[in-house]
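Residue numbers (the working numbering): 1 to 276.
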C-alpha cells in the first residue's frame, strides 16, 4: 500500500518509539489509528475545528524554527503511557506540565495506575476495500462500523518508513450531514501546548489533545466546513507539537489525492445509508 509523505520527525520517534508502520495499514472507521480501539467520547463531541481569531491566537510554533534531528534508530515494541495520563492542560507532579509519556515514565507509575477496561484495545478490523488516491487512501469495512463503512486516511512515516508519526482519518456521517476527524500522534510531546494545525495559508487552528492511549495521543472531533474546504483547496498542511522543552516539531501532511478520496468516501457512506 502506498502511504503518505515520508518525513523525518526523529525527535518524536526517539522519545516514544512510534508505532510499526506494518500495524497501521488498516483500522475501522473512526477507530484509533494507533491501537485499533473504538472511538471514545471526545472531551467535547460537538466542538469543531475552528479557524483562529484574534481571541483564539495560534501558538507561536507556526513561525518558530523547527528542530533538526538525526534519523531515528529502529525500535521494537510499543510505547506505553500510564492509563491515567493527565488530560491536556492539567498539571503534573510538582506543578510540571503533563507530557504524553514514553516507556520509562509510564513504567514508573504502572504499579499505581488503574487497569484499563477490557474493551480499551479491542481487536482491530481489517479493511475489506482499500483504494489509493495519491497520498490518501479510501478504506471501507464490511460490515459497517457504527452505520458508516468508509473513511479517508493518510499516514505519515518516519524517514526509515518503519514508524508512523501521524495517522489522520476523516469520515462523513450522512445522518449528521457532517464530517468527523481523528488524528493520532506519538507519545512524548507537551500536552498543555496543544497541537497546531495549518492547512496551507487557508486554515489555522490550535487545539487540545482529547485523550491518550497506550500507543499514542488522539485529537477527535467534528470538522468545520472551513477545514474541509481548506483541505480540498491546498496541497500541503502540517501538525506542529512541542517537546517538553517547548521545541516545535512540525509534521508535514500531504493533501495530494485528498479531494478524490474524500468525495469517494462521502459517496460510499451515503450509498450505504440509502440502500438500507
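Virtual Cβ for every residue (Gly too), placed ideally from N, Cα, C. Because the structure is a prediction, the values reported are computed rather than measured.
Query: Per DSSP, the bridge partner or partners of residue 252; Result: 238
Query: For residue 166: DSSP bridge partner residues; Result: 156
Query: Closest by C-alpha distance to residue 194, when choosing among 208, 201, 186 and 182; Result: 208
Query: Counterpart residues of residue 221 in DSSP-defined beta bridges; Result: 181
Query: Of the listed residues 135, 188 and 147, nearest to residue 248 (C-alpha basis); Result: 188
Query: Under 8 Å between C-beta atoms of residue 231 and residue 150; Result: no
Query: Test item: CB-CB of residue 173 and residue 223 under 8 Å; Result: no
Query: Given residue 238 as reference, the closest of 263, 220, 259 and 196 once Cα atoms are compared; Result: 196
Query: Bridge partners - residue 204, DSSP secondary structure assignment; Result: 198
Query: Given 8 Å, three or more beta-carbon pairs between the segment 252-267 and the segment 130-147; Result: yes
Query: Simplified DSSP state of residue 260, which is helix, strand or coil; Result: helix
Query: Cβ-based neighbour list, residue 154, same chain, cut-off 6 Å, excluding 5 preceding and 5 following; Result: 4, 135, 136 and 168
Query: Beta-bridge pairing of residue 243 - partner residues as DSSP gives them; Result: Answer is none; residue 243 lacks a bridge partner.
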